[in-house]
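K.L.:
Residue numbers (the numbering used here): 511 to 705. Handing you this structure, nothing more for now.
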Amino acid sequence: MRTQSPDYIVIGAGFTGLLYSTLAVLEGRSVFLYEKQNRSGGLVGSIQTPFGLVETAANGILNSYQLEELASALGLNILTTEKKSKKRFIWKNGSPRRFPLSFLDTLRVLYGILGISAEIRAGESVYQWGVRVLGKGAVKNVLEPGLGGIYAGNLKDMSAELALGGWISSKGSLLKNIREIKKIKTKNPKQKKER
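Written out as structure tokens, the structure is:
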């Protein structure tokens with residue numbers, strides 16, 4: 511007996527795999543989802559610790575019209591962060607830290623933000639870009655926990671162009687690039703797509 515092949519085969523039931531599969535099913539497509547672990551969610555998870563609840567990956571999502579449409583299609587309510595939950599911590603040396611950089615790492619980050627070209631070089635990984643622009647301390651204690659959780663990958667294998675290209679558009683400093691992005695966003699606020 512022959513079975514019909516699915517429209518899509520998705521490997522990995524992490525956040526992206528689950529999202530892609532859900533969107534395909536909502537469009538009426540069939541999906542076969544493979545996951546090697548005994549749970550879905552990939553790096554996304556919550557662990558109870560003596561310090562409180564700890565998220566193992568990205569702990570929030572920026573709200574957008576697309577997110578609201580997806581939540582509506584799934585019958586979910588969007589929960590906003592409580593004010594008491596606004597503080598963010600990064601695990602360093604066995605305890606949560608509000609600011610994980612040493613004094614020297616902080617000086618290096620400031621130098622990088624103000625004085626080093628943030629331009630992404632051809633073939634540069636996020637790790638290489640981070641070390642060049644922000645320094646090793648910032649990569650280890652800020653970029654790896656942040657982007658590693660968001661993109662669920664190794665920064666040495668992650669393309670800087672794909673991960674950071676939306677923020678870095680010129681040869682200027684990181685500060686200059688961020689200011690340019692803010693100007694563009696101020697001039698062109700997000701509009702809800704008409705159907």
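Just so you know, even glycine gets a beta-carbon here, dropped at the ideal spot from N, CA and C.
1) Can you give me the C-alpha to C-alpha distance between T532 and I588, rounded to a whole angstrom?
2) At the level of alpha carbons, what is the spacing between S515 and A583?
3) Can you name the start and end residues of the beta strand (DSSP E) that S605 belongs to?
4) To the nearest angstrom, report how far apart L685 and G640 are at their CA atoms.
5) According to DSSP, which residues form a beta bridge with V564?
6) Around the Cβ of D615, are there at least 16 other Cβ atoms within 10 angstroms (buried) or fewer (exposed)?
7) Taking the alpha carbon of E545 as the point to measure from, which residue in S556, G522 and E565 has its own alpha carbon closest?
8) Which word fits N573, buried or exposed, when buried means at least 16 other C-beta atoms lie within 10 angstroms of its C-beta?
P.N.:
In short, the structure shows the following:
1) Start at 1 with the first residue of the sequence shown, and residue 532 comes out as number 22. Start at 1 with the first residue of the sequence shown, and residue 588 comes out as number 78. Straight-line Cα distance between these residues: approximately 17 Å.
2) Looking up residue 515 in the sequence shown gives position 5. Looking up residue 583 in the sequence shown gives position 73. About 26 Å.
3) In the sequence shown, residue 605 corresponds to position 95, counting from 1. Segment S605 to R607, the beta strand (DSSP E) holding S605.
4) Along the sequence shown, one-based indexing puts residue 685 at 175. Along the sequence shown, one-based indexing puts residue 640 at 130. Spanning the two alpha carbons is a distance of roughly 14 Å.
5) In the sequence shown, counting from the first residue as 1, residue 564 sits at position 54. Paired residue(s): I557.
6) Translated into the one-based positions of the sequence shown, residue 615 becomes position 105. It counts as buried.
7) As a working mapping, residue 545 is identified with position 35 in the sequence shown. Of the candidates S556, G522 and E565, the one whose C-alpha sits nearest the C-alpha of E545 is G522.
8) Position 63 of the sequence shown holds residue 573. By the neighbour-count criterion, in which 16 or more other beta carbons inside 10 Å mark a residue as buried, N573 falls on the exposed side.
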